[in-house]
Amino acid sequence: MPQRVDRLLDQIRTAPEGIVGDRLLASMLRPALQEFDGLSSNEAELVRGHVLAAFEHRMLDAEVINVAKEELRTSLNPTVLAGAALALRALQADDPECRTLLTGASQRLFGRDERVSFAARVGDASSVRTASDEIASTLKQWPAQLSPCCSGPIGTVTAAEPRTQTLCRHTLGRVFIEDQAGQRSPVADLLRDRTSLIAFFYTRCMNPAKCSQTIYDLAELARLAFAEPLASQLNIVAVSYDPDFDEPARLHAFGYDRRFPFAGQARLARCVTGWDAMRRQFDLQVGYGATTVNLHSRELFMVTSDWRSLGIDSEQLKRPDHLLDRLIRASSSHAAADEAI
Amino acid sequence: MDVEAHRKSFLAQLAKAPAVADVKPKAVADYAASSEHDVKALCDMIGALTLDPSSFRASVRTLLDIVGNDSLETAARLAALGQLKAAEFQPAEFAEFHAEFIALLRRLAQSPDRGMRVAAFERLTLTNDVHAQKLLHDGLEIGKPPVSTVKAIQFLARDDHGSAVPLFRRLAKATIGPVREQALRALAADTQSVALFESIANDKAEPTRLRQIAAMNLKNTSPTRFAKVATSLALDDQEDDGLRAVAVSAITHTSEVAAKVKPEFAASLLAVGVATGSRVLKASIDRYAKAVARKKS
Numbered sequence: 034m035p036q037r038v039d040r041l042l043d044q045i046r047t048a049p050e051g052i053v054g055d056r057l058l059a060s061m062l063r064p065a066l067q068e069f070d071g072l073s074s075n076e077a078e079l080v081r082g083h084v085l086a087a088f089e090h091r092m093l094d095a096e097v098i099n100v101a102k103e104e105l106r107t108s109l110n111p112t113v114l115a116g117a118a119l120a121l122r123a124l125q126a127d128d129p130e131c132r133t134l135l136t137g138a139s140q141r142l143f144g145r146d147e148r149v150s151f152a153a154r155v156g157d158a159s160s161v162r163t164a165s166d167e168i169a170s171t172l173k174q175w176p177a178q179l180s181p182c183c184s185g186p187i188g189t190v191t192a193a194e195p196r197t198q199t200l201c202r203h204t205l206g207r208v209f210i211e212d213q214a215g216q217r218s219p220v221a222d223l224l225r226d227r228t229s230l231i232a233f234f235y236t237r238c239m240n241p242a243k244c245s246q247t248i249y250d251l252a253e254l255a256r257l258a259f260a261e262p263l264a265s266q267l268n269i270v271a272v273s274y275d276p277d278f279d280e281p282a283r284l285h286a287f288g289y290d291r292r293f294p295f296a297g298q299a300r301l302a303r304c305v306t307g308w309d310a311m312r313r314q315f316d317l318q319v320g321y322g323a324t325t326v327n328l329h330s331r332e333l334f335m336v337t338s339d340w341r342s343l344g345i346d347s348e349q350l351k352r353p354d355h356l357l358d359r360l361i362r363a364s365s366s367h368a369a370a371d372e373a374i
Numbered sequence: 411m412d413v414e415a416h417r418k419s420f421l422a423q424l425a426k427a428p429a430v431a432d433v434k435p436k437a438v439a440d441y442a443a444s445s446e447h448d449v450k451a452l453c454d455m456i457g458a459l460t461l462d463p464s465s466f467r468a469s470v471r472t473l474l475d476i477v478g479n480d481s482l483e484t485a486a487r488l489a490a491l492g493q494l495k496a497a498e499f500q501p502a503e504f505a506e507f508h509a510e511f512i513a514l515l516r517r518l519a520q521s522p523d524r525g526m527r528v529a530a531f532e533r534l535t536l537t538n539d540v541h542a543q544k545l546l547h548d549g550l551e552i553g554k555p556p557v558s559t560v561k562a563i564q565f566l567a568r569d570d571h572g573s574a575v576p577l578f579r580r581l582a583k584a585t586i587g588p589v590r591e592q593a594l595r596a597l598a599a600d601t602q603s604v605a606l607f608e609s610i611a612n613d614k615a616e617p618t619r620l621r622q623i624a625a626m627n628l629k630n631t632s633p634t635r636f637a638k639v640a641t642s643l644a645l646d647d648q649e650d651d652g653l654r655a656v657a658v659s660a661i662t663h664t665s666e667v668a669a670k671v672k673p674e675f676a677a678s679l680l681a682v683g684v685a686t687g688s689r690v691l692k693a694s695i696d697r698y699a700k701a702v703a704r705k706k707s
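Given below as structure tokens:
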């Protein structure tokens, strides 16, 4: 497997200049990329760090910037954090959020910093620059560079398109889920006639800022929803990326430890049939190593009663009251539309 | 071994041991640099090197230099490495040295000195270091790991998000003895090896120890299939009693498994408890009976 990592690093280094290379590299930031299949989490992250670093002298688009920001927000891996810091050096438009995230990432590296090298193969420890050094350099170069008048084509950013799609009832009709209590049901039953908030997670996730935090935040949202009569028709569900391992007992323990208020409308679940179809339907950004997930995004979707799914920034879970309002509004408007029909 | 007696004996030894005065970093560095140093004395000095706040930085600097000094004796370097691991327990103070420490360990993982290699891998794999994992993985693939095969498997298995599982699956099928045992242990959470676990756990020709590992792995990865294997093992008079006791114990203490056991199993098992001459199996069945009674009440 490590030879495959070296091949991927070669691919990054030899990516053509210009838009073709930019697109190739941006595609390599998708955790679901087939080339990452079978890699360990650390190997996949090493490659990810190198891809991000390669953007230092390339055109950044909104998607790449969002990936870099998300890594600065959640990653614990020095190579990934250094790569994100290098990528953001191409940014010429003022972005105070990036500064805050870089500072936060630097603090997270405290006690786990490492020397990073983006020129060499795995195992070459010739670099003397650490991940913290790279972040500090990015922060240092900005005051002189950031100015609205000098923002050229590099770093000109348009907002990333939200992920929206209409789910296929026929396909999802063959997908069955099992919840933390061992109750099995077609996922179609879950989605029918109501608005649902669906998060994805897995219990073996090693990053406390990702799956663990998602379930904590979702639990908070579910508690608010229970106290709000207008939210009585909402589903709040978290589905595991690791369905073979996440048996009902594990789902229950994971939710229980994070004070998840289990109920008919609030469940943790895994797919027992049709996981691949589910992945495709939601275009889930998750990749798999030899036994479990190797890379994944934080993914959250609102699915309305007309089976349309809308990707939601997981950071919105940090403001559960706002998110709940949004869900209630979506639920009400669809209920009204259904009545009109 | 009587754990309590061992604890008391260890504490008594500690109480008798002469107190060692704190040693300053410069004294250690000077003595290590002396061509006439005695290794045992140097190790003692390293062990007594103070890690208090006033001299923490100088001590860690000295220790890093000793560990990285290829001309020094392995024993002294390992003693210094042990102290550095202790210093890591002061993460705020150690933070400024962390990157250098990891880089040094990565170099030592390729040292010609086997003792240093093992120690470096021991520490690096605790934090799933991708560089150390590559060396171990590549070495195992070509049959020449940088540490013993068993150790290499142990070290790689620490990463439950690792990429070595296909290699462990091959080793668990194609090798014998301790390497196979270690490979099987390394697959403890591998849901794709359920069939392998089932086959080994059911195979009376396999060594009992291996079957026990396979059974426990099956319990972790598929409680439903384990319930079938465990009930059949527990009721089979031709089986090893130790293995039967392990199966009963797993049923007793794992609620997901207990929930999947058929109701008639309890009566059959209690009958085994009456008939068996094995103390270990009888005790295990007694615990099961008590658990069932508690659940009923």
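If you're matching them up, the sequences are chains P and D in order.
Each residue of the first sequence is one higher than the one before, counting from 34 in my numbering.
Each residue of the second sequence is one higher than the one before, counting from 411 in my numbering.
All residues carry an ideal CB built from backbone N, CA and C; glycine is no exception.
- At least one beta carbon of chain P lies nearer than 8 Å to the beta carbon of D:Val540.
- Cβ-Cβ distances below 6 Å link P:Arg207 to Gly307 in the same chain, with the five nearest sequence neighbours on each side left out; the list follows chain order.
- Put simply, the CB of P:Glu253 is far from chain D, with every gap to its CB atoms at 8 Å or more.
- With a 10 Å radius around the Cβ and a threshold of 16 neighbouring Cβ atoms, P:Val53 comes out exposed.
- Taking one beta carbon from each stretch, the segment 310–329 of chain P and the segment 257–270 of chain P have fewer than 3 pairs nearer than 8 Å; the two do not touch.
- For D:Leu597 and D:Val604, the gap between their C-alpha atoms comes out near 10 Å.
- Here P:His329 is bridged, per DSSP, to P:Val319.
- If you look at P:Asp212, you'll find it in the beta strand (DSSP E) that goes Phe209 to Asp212.
- Residue-level contact by beta carbon fails for D:Gln493 and chain P, as no gap is shorter than 8 Å.
- The alpha carbon of P:Phe334 has as its nearest neighbour, out of P:Leu360, P:Gly320, P:Phe295 and P:Ala310, the alpha carbon of P:Leu360.
- C-alpha of D:Thr664 to C-alpha of D:Ala685: approximately 25 Å in a straight line.
- With respect to the C-alpha of P:Ala120, the residue from P:Leu42, P:Pro129, P:Leu105 and P:Ala101 having the closest C-alpha is P:Ala101.
- In the three-state reduction of the DSSP assignment, P:Met335 falls in the strand class.
- Across the segment 233–247 of chain P, CB contacts with chain D closer than 8 Å involve Arg237 and Met239, in sequence order along the chain.
- At a cut-off of 8 Å, the C-beta of P:Glu104 has no neighbouring C-beta in chain D.
- A distance below 6 Å between beta-carbons, with the five flanking residues on each side excluded, links P:Ala299 to the following residues of its chain, in chain order: Ala255 and Ile269.
- P:Leu109 is outside the set of residues whose beta carbon lies under 8 Å from a beta carbon in chain D.
- The C-beta distance from P:Leu350 to P:Leu284 rounds to 19 Å, too long to meet the 8 Å contact threshold.
- Of all residues in the segment 587–600 of chain D, the ones placed with a Cβ closer than 9 Å to any Cβ belonging to chain P are Leu597, Ala599 and Asp600, in chain order.
- Taking a beta-carbon distance threshold of 8 Å, P:Leu72 counts as an interface residue toward chain D.
- In this model, P:Arg196 and P:Ala302 are separated by some 23 Å (Cα to Cα).
- Shown here, P:Leu267 sits in a strand according to DSSP, grouped into three states.
- Minimum Cα-Cα distance from P:Leu124 among the listed residues P:Asn110, P:Glu96, P:Gln140 and P:Gly137 corresponds to P:Glu96.
- Residue pairing by DSSP places P:Gly344 opposite P:Phe334 in a beta bridge.
- Considering only P:Gly144, P:Asp279 and P:Glu147, the residue with the shortest C-alpha distance to P:Glu211 is P:Asp279.
- No Cβ-Cβ contact shorter than 8 Å links P:Ser150 with P:Ile168.
- Interface residue (Cβ-Cβ distance to chain D less than 8 Å): P:Thr133 is not classified as such.
- The three-state reading of DSSP puts P:Ser218 in strand, counting E and B together.
- The beta carbons of P:Ile45 and P:Leu58 sit closer together than 8 Å.
- Note that the segment 414–427 of chain D does not touch the segment 441–448 of chain D; fewer than 3 beta-carbon pairs, one per stretch, sit closer than 8 Å.
- Taking all protein chains in view, the Cβ of P:Asp146 is crowded by 16 or more other Cβ atoms within 10 Å, so the residue is classified as buried.
- When Cβ-Cβ separations below 8 Å define contact, P:Gly320 makes no contact with chain D.
- Residue P:Val336 holds the alpha-carbon nearest to the alpha-carbon of P:Phe315 among P:Glu130, P:Phe295, P:Gly297 and P:Val336.
- Boundaries cannot be given for P:Arg237, as no beta strand (DSSP E) includes it and DSSP labels it neither H nor E.
- Taking the Cα positions, D:Val589 is about 43 Å away from D:Pro435.
- Membership of D:Ala468 in the alpha helix (DSSP H) is indicated by the continuous run Phe466 to Gly478.
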